[in-house]
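Q:
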Amino acid sequence: MSPFDPRYRRSPTERSAVALYRVAQAIEALFRKRGKAFRLTPTQIDTLLFLKYARPGVRTVGGVAQRLGVTYATASVVVDGLERRGLVARRVAGPDLRVVGLALTEQGMARVAEVEGALDGLLAAIGELTPNEQAHFDQMLQVLVRSLQRAGAVQVYEMCWGCQFFRPNAHPDNPATPHHCAFVDAPLADGDTTFECPDFVPATARE
Ligand code: SF4
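Just so we're aligned, residue 4 is where the sequence shown starts under my numbering, counting upward by one.
(1) Suppose you measure from the CA of Thr16 to the CA of Leu151; what does that come to, to the nearest Å?
(2) Gly120: which of Gly38, Phe203, Ala20, Phe7 sits nearest, CA to CA?
(3) Between Ala29 and Ala179, what straight-line distance do the alpha-carbon atoms span, to the nearest angstrom?
(4) Are the Cβ atoms of Gly124 and Thr108 separated by less than 7 angstroms?
(5) Strictly under 7 angstroms for the Cβ-Cβ distance: is Cys200 near chain C by that measure?
(6) Does Ala22 come out as helix, strand or coil in the three-state DSSP assignment?
(7) Straight-line CA distance for Ile48 to Ala156?
(8) Going by DSSP in three states, Gly120 sits in which element: helix, strand or coil?
(9) Is the beta carbon of Gln137 sitting closer than 7 angstroms to the one on Gly194?
(10) Give the straight-line distance between the Cα atoms of Thr46 and Gly104, rounded to the nearest whole angstrom.
(11) By DSSP's criteria, Gly104 is part of a beta bridge. Which residues make up the other side?
(12) My output table needs one value for Val204: the three-state DSSP class, helix, strand or coil.
(13) Reducing DSSP to helix, strand and coil, say where Ala192 ends up.
(14) Whole angstroms are fine: how far does the CA of Leu147 sit from the CA of Asp141?
(15) Between the C-alpha atoms of Arg18 and Ala128, what's the straight-line distance to the nearest angstrom?
(16) DSSP state of Arg70, grouped into three classes?
(17) Grab the span of the alpha helix (DSSP H) containing His139 for me, first residue to last.
(18) Can you confirm whether the region 180-192 touches the region 164-171 when touching is taken to mean that 3 or more C-beta pairs between the two stretches lie within less than 8 angstroms?
(19) Could you please give me the residues that DSSP links to Phe186 through a beta bridge?
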């Protein structure tokens with residue numbers, strides 16, 4: 004039986020999976036609704052957000068491809084569209100003239116400011132939980148994200164779990180902050196490890 008079949012009595016695990024599927028649909032809908040007024044698709048919004056908040060070194064077409072989980076050619080098409088609309092500009096990123104970086108134009112920055120509240124509806128829904136429920140929910144989600152990372156379903160990108168400075172479970176005696184960041188030499192809570200970090204260096208870049 005399929006968990007999508009409404010006649011089927013689902014297990015708690017299946018109910019959670021279907022609920023998260025509905026949440027994913029809701030997020031897509033929130034992005035579409037927010038982008039509609041500006042003729043921006045969720046993919047374009049995600050690209051603009053990436054170019055606003057990613058480290059300068061990864062603001063490239065390759066970085067966009069990694070963020071979106073698509074090929075370089077597909078990311079290039081997305082960037083071309085945003086460039087044609089005057090929201091993104093290509094520019095030489097450093098001494099190597101072959102490396103072309105991407106930057107938001109002034110108009111692009113203004114557009115991001117208008118769409119980056121796309122998750123407000125989701126924040127409001129989570130805000131209806133009690134503080135204890137929110138803390139528990141946060142913990143559960145971090146575990147889930149990590150598990151999906153291990154399975155290759157979530158990009159390890161700019162997060163501690165793919166960073167060369169990350170020392171998982173370095174403080175087993177401290178359940179509140181069990182991990183360690185060797186870059187700032189400080190303990191990290193579970194919830195701090197799945198956010199994008201400006202100091203991230205991919206583990207593959209070690210040595
Ligand atoms: S540098 Fe940033 S991404 Fe890397 S371990 Fe430290 S906090 Fe995490």
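Glycine residues also receive a C-beta, built at the ideal position from the N, C-alpha and C atoms.
A: With the structure as the only source:
(1) 15 angstroms
(2) Gly38
(3) 31 angstroms
(4) no
(5) Given the protein chain composition of this structure (a single chain), no chain C is represented.
(6) helix
(7) 21 angstroms
(8) coil
(9) no
(10) 19 angstroms
(11) For Gly104, which the question treats as bridged, DSSP gives the partners Arg94.
(12) coil
(13) coil
(14) One C-alpha to the other measures close to 10 angstroms.
(15) 19 angstroms
(16) helix
(17) 134-153
(18) yes
(19) Paired residue(s): none; Phe186 is not in a bridge.
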